[in-house]
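Structure, as structure tokens:
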Amino acid sequence: MRQPLIAGNWKMNGSSQSISELLDGVISGLESKAEVLVCPPAIYIQQVRDILRGTGVKWGLQNVAAETKGAYTGETSPLMAKDLGCEYAIIGHSERRTLYKETDQDVAAKFCCLVDQGITPVLCVGESLEERQRGDTMKVVAAQIDCVIEKAGIERLSDFVIAYEPVWAIGTGLTATPEQAQEVHAAIRGLLSRTSEEVAQKTRILYGGSMKAANAAELVAQPDVDGGLIGGASLVAEDFKAICHAAG
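Heads up, the sequence shown is in our numbering, so the first residue is 488 and it goes up one at a time.
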């Protein structure tokens, strides 16, 4: 049985004061069988760690370099993340792919670097509205996943998370129906099973297309939806807790 995971991606939001207030609100009265994760801007990781240690809520990075150290100005390495207690790191988010032109190969390199350091990658995959309208959803998603499998190899696929984020449903007010989400999640699991049935059955696949308190329970009730990668709603403590509660 896969434990649900609810992961909050704060993106480039927050201040020392607002983060303290947000986390105080999140941990107050939080009761959920789901694993709960927050991913703040890297500059606030230490503050978040100091607040969350001992609470059961985990913390991680929104992005990571594909190198452990060196002359890479402005980057954050997996070793640094590990030093600050991060257990997860998001890679391949649609904003990284679109705004910063990260390729499937770039994402695969980050995946390998994270796994080598014992940090669980949250691999984001998904299609644009144009790609969905062309009927290319699984063609796009399969290419993104296959590139990681090809570079990492089966031995490195023992512990990772996939976040399916239909790009057309992020910040647009549109949301995939539970049936649409389930269809793609099931197809992703089927894709993984071609490499390893064991990996396919243990890998958690999150929905990352504007999950909110109002739709979380229905989405997570789908057999292949194992939680959510939450954007805006993760910045409001009561909304984020409601999603966590809906997940179990």
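In this text, a Cβ means the ideal position worked out from N, Cα and C, and glycines have one as well.
Whether A737 touches A663 by CB criterion (9 Å):
Nothing about residue 737 can be reported from this structure: the residues present for the chain run from 488 to 735 only.
Give me whichever residues DSSP pairs with I577 in a beta bridge.
V609
Whole-number beta carbon distance between I649 and V612, since they are thought to touch under 8 Å
6 Å
Write down the C-beta distance between E642 and C600 rounded to the nearest angstrom, noting that I regard them as a contact closer than 8 Å.
Actually they do not touch by this definition, with Cβ atoms about 15 Å apart.
R691 (DSSP reduced to helix, strand or coil)
strand
Through-space distance from E670 to G736, alpha-carbon basis
Residue 736 lies beyond the residue range present for the chain, which begins at 488 and ends at 735; the question has no answer from this structure.
Rounded to whole angstroms, what is the Cα-Cα separation between G640 and A595?
11 Å
In this structure, does DSSP put V587 in helix, strand or coil?
One detail in the question is off: residue 587 reads as Tyr in this sequence, not Val. In this structure, Y587 counts as coil in the three-state DSSP scheme.
Cβ of Q534 within 9 Å of Cβ of K498?
no
Work out the CA separation of N496 and R536 for me, nearest whole Å.
15 Å
Tell me the start and end of each unbroken alpha helix (DSSP H) in the stretch 663-717 that is at least 4 residues and wholly inside, in chain order.
665-680, 684-689 and 703-707
Taking C-alpha atoms, which residue in L644, Q592, Q490 and G605 lies nearest to R681?
L644
Counted within 10 angstroms of its Cβ, other Cβ atoms place L661 as buried (16 or more) or exposed:
exposed
V449, enclosing beta strand (DSSP E) - first and last residue:
What the structure shows of the chain is the stretch from 488 to 735, and residue 449 is not part of that stretch, so it cannot be assessed.
Would A724 and L492 be called neighbours here (beta carbons separated by less than 9 Å)?
no
Beta-carbon proximity list for I506, same chain, < 7 Å, skipping 5 on both sides
P527, Y531, Q534 and V535
When you compare only the Cα positions, how much space is there between A521 and C731?
6 Å
Return the chain-ordered list of same chain residues with a C-beta closer than 6 Å to the C-beta of K597, the five sequence neighbours on each side being excluded.
V551, A553 and I578
Compute the distance between the beta-carbons of G524 and E574, then report whether it is under 9 Å.
The amino acid occupying residue 524 in the given sequence is Leu; Gly does not appear at that position. Yes; because the gap between Cβ atoms is below 9 Å, this pair is in contact.
Run of the beta strand (DSSP E) containing A494, from where it starts to where it stops:
L492 to N496
Taking the alpha-carbon positions, what's the Q604 to L571 distance?
13 Å
Classify K545 as helix, strand or coil using the three-state DSSP reduction.
strand
Sequence-distant residues of its chain with Cβ nearer than 7 Å to I717 (five each side left out):
I493, A494, G495, N496, M698, F727 and I730
According to DSSP, simplified to helix, strand and coil, what is Y651?
strand
Between which residues of its own chain and A733 is the CB-CB distance below 8 Å, once the five residues before and five after are set aside?
A700, A703, A704 and V707
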